[in-house]
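The structure under discussion appears below in the form of structure tokens.
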Amino acid sequence: MHVIGATGSGKSTLLAQLVLADAEAGRAAVVIDPKGDLVTDLLSRLPEAAADRVVLFDADSRNRPPCLNPLDGGDPDLAVDNLVSIFRRVYAAFWGPRTDDVVRAACLTLRLTDGVATLADVPKLLADPAYRARTTAGITDPVLRGFWTWYDDLSDASRSQVIAPLMNKLRAFLLRRFVRDTVAAGRSTVDMKEVLDNGGICLVRIPKGSLGDETARLVGSIVVANVWQVVTARARTPQRDRRDATLMLDEFHNFLNLPYAVDDMLPEARALRLSLVLAHQNASQLPREMQESISANARNKFFFNVSPEDAHHLSRHTAPRISAHDLSHYDAFHAAVRLVVHGAETEPFTVVTEPLRPAVPGRSRLLRVAARNNQRVHPKAVHTGPGGGRPTSRRAADPRRSNTSS
Numbered sequence: 000m001h002v003i004g005a006t007g008s009g010k011s012t013l014l015a016q017l018v019l020a021d022a023e024a025g026r027a028a029v030v031i032d033p034k035g036d037l038v039t040d041l042l043s044r045l046p047e048a049a050a051d052r053v054v055l056f057d058a059d060s061r062n063r064p065p066c067l068n069p070l071d072g073g074d075p076d077l078a079v080d081n082l083v084s085i086f087r088r089v090y091a092a093f094w095g096p097r098t099d100d101v102v103r104a105a106c107l108t109l110r111l112t113d114g115v116a117t118l119a120d121v122p123k124l125l126a127d128p129a130y131r132a133r134t135t136a137g138i139t140d141p142v143l144r145g146f147w148t149w150y151d152d153l154s155d156a157s158r159s160q161v162i163a164p165l166m167n168k169l170r171a172f173l174l175r176r177f178v179r180d181t182v183a184a185g186r187s188t189v190d191m192k193e194v195l196d197n198g199g200i201c202l203v204r205i206p207k208g209s210l211g212d213e214t215a216r217l218v219g220s221i222v223v224a225n226v227w228q229v230v231t232a233r234a235r236t237p238q239r240d241r242r243d244a245t246l247m248l249d250e251f252h253n254f255l256n257l258p259y260a261v262d263d264m265l266p267e268a269r270a271l272r273l274s275l276v277l278a279h280q281n282a283s284q285l286p287r288e289m290q291e292s293i294s295a296n297a298r299n300k301f302f303f304n305v306s307p308e309d310a311h312h313l314s315r316h317t318a319p320r321i322s323a324h325d326l327s328h329y330d331a332f333h334a335a336v337r338l339v340v341h342g343a344e345t346e347p348f349t350v351v352t353e354p355l356r357p358a359v360p361g362r363s364r365l366l367r368v369a370a371r372n373n374q375r376v377h378p379k380a381v382h383t384g385p386g387g388g389r390p391t392s393r394r395a396a397d398p399r400r401s402n403t404s405s
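Numbering that gives the first Met the number 0 puts the sequence shown at residues 0 to 405.
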């Protein structure tokens, strides 16, 4: 579903209604919110019965978030490809082939050694000769061995020049405690497969005002990559056993920093029972190729009030019933809609979105407490790192578990 509309036109109300409907029907939903208000509204209104299925990442919370380590589990090559692609796209203006080569080799090396690899180990691997010697001692892959031989033969000045572009970005990323706890705290304590297959509600509140634009994009993209990695693995599951799930992205253009093209993701997601809800404010936020892909492949469309320039292009989907003038003059909470029902496109029509139900007093606090209690101590959730270190226990989020003591 493609949702577009200016600020204050009613997009967030529609998105919240969709998530509430999923929660009440027992369907899984992953919501990535770069502004914060959408998740706040949901926490005040989600049904109490969904409390034991909530997983919450909140950049403004003082409580430790769950951990979703991009280097933990799954196919090592795929995990590293996803992670490197995210960094390359987010930092495209400052990311060259040498930086790409260094971070890929470092992440693959950490994945191939004993212990739980994290992004926090990458700076140490590149800068600490003793740690690097211990970590690379057991590497047998000839390409990786060749890389580390070349790296160790560099002078200190040359080595610093090679890794400087990567180190300053990683440090800026990992110096934020929320980010470090979310993606680099050790073994993952969130199993996204459990979330998607068991009706979990994963809320990712990463306001740019708290994290900064680039950091919010990185964290959101890591979550999207993890969801997509789990969803593509459904190809090995019979179609009748695939559970419906939703991935909802507000300001979605910030979070599609993956090695896959959008026009490939959209048709694949449908076959794998993942609903993609892609919301943003105006067409200028998207590259031309992405605009065309969304126009062709996101076949369910909600157009709230838009600029005259956007209305001119979007009216191709609604004319002659709804004109460009109509699209640029809607009141708040009014939208033009075109849906696909049973494989056929409906005629465009207009809607007025229902207002959100009143917030339930105390519901947000109850759900936040439940989200923390849904995490139980995981026997393997210990981070010793490839080079050793003091173990640190973590808790694992399981959307199927209620508030029980371990």
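No residue lacks a Cβ here, since even glycine has one placed at the ideal position from N, Cα and C.
Please read all numbers here as calculations on a predicted model, not as lab measurements.
Residues in the same chain with beta-carbon distance under 6 Å from residue i, minus the five sequence neighbours each way, listed in chain order, please.
i      : result
Gly35  : Arg204 and Pro206
His1   : Leu277, Ile293, Ala297 and Lys300
Leu17  : none
Gln284 : His252
Phe177 : Ala58
Leu13  : Thr352
Using the C-alpha atoms, what's the distance from residue j back to residue i?
i      : j      : result
Ala78  : Gln160 : 27 Å
Ala15  : Arg272 : 20 Å
Cys201 : Asp21  : 12 Å
Phe332 : Ile162 : 50 Å
Ile31  : Thr134 : 35 Å
Pro164 : Asp152 : 20 Å
Gly361 : Tyr329 : 35 Å
Val38  : Leu82  : 25 Å
Tyr150 : Ala105 : 11 Å
Leu246 : Ala28  : 6 Å
Gly211 : Arg320 : 42 Å
Glu47  : Thr181 : 26 Å
Ala224 : Lys192 : 13 Å
Phe146 : Ala184 : 27 Å
So, at 8 Å on beta carbons, what are the nonlocal neighbours of residue i in its own chain, with the 5 sequence-adjacent residues on each side left out?
i      : result
Ala323 : Pro307, Ala310, His311, Leu313 and Ser314
Pro75  : Leu107, Arg110 and Leu111
Ala295 : Asp262
Phe93  : Pro164 and Lys168
Met166 : Pro122, Leu125 and Ala126
Check the DSSP bridge columns for residue i and list the partner residues they point to.
i      : result
Ala335 : Phe302 and Thr349
His1   : Leu277 and Lys300
Met247 : Val30 and Val276
Val340 : Ala343
Run through DSSP, which three-state label would residue i get?
i      : result
Val115 : coil
His377 : Bear in mind that the predicted position of His377 carries a pLDDT of just 39, short of 50, making it unreliable; the figure below should be weighed with that in mind. Residue state, collapsed to three classes: strand.
Leu55  : strand
Arg364 : helix
Cys66  : coil
Val203 : strand
Leu45  : coil
Ser322 : coil
Ala358 : coil
Pro237 : coil
Gly7   : coil
Phe177 : helix
Pro258 : coil
Gly72  : coil
Trp147 : helix
Ser292 : helix
Classify residue i as buried or exposed, calling it buried when 16 or more other Cβ atoms lie within 10 Å of its own Cβ.
i      : result
Gln228 : buried
Gly384 : Only weak support is given to the placement of Gly384: the predicted model assigns it a pLDDT of 43, under 50, and the value that follows is read from those uncertain coordinates. Burial call: buried.
Glu23  : exposed
Ala234 : exposed
Phe86  : buried
Pro128 : exposed
Arg144 : exposed
Phe348 : exposed
Ala395 : Residue confidence is low: Ala395 scores 37 on pLDDT, short of 50, so the model does not pin down where it sits. Its coordinate-derived value is still stated next. It counts as buried.
Ser8   : buried
Ala156 : exposed
Gly137 : exposed
Ala260 : exposed
Pro64  : buried
Gln280 : buried
Arg170 : exposed
Asn304 : buried
Arg103 : buried
Leu41  : buried
Compute every distance between the C-beta of residue i and the non-hydrogen atoms of the ligand GTP, then say whether any falls below 8 Å.
i      : result
Thr148 : Of the ligands one can find in the structure shown there are none, so the ligand GTP has no counterpart to examine.
So, at 7 Å on beta carbons, what are the nonlocal neighbours of residue i in its own chain, with the 5 sequence-adjacent residues on each side left out?
i      : result
Val351 : Phe332 and His333
Ser419 : Since the first and last residues shown for the chain are 0 and 405, residue 419 lies out of range.
Pro33  : Ile205, Pro206, Lys207, Ala215, Gly219, Asp249, Glu250 and Asn253
Arg241 : Arg233, Leu271 and Arg272
Arg52  : Gly198, Gly199, Ile200 and Pro398
Leu338 : Asn299 and Thr345
Thr98  : Pro164 and Leu165
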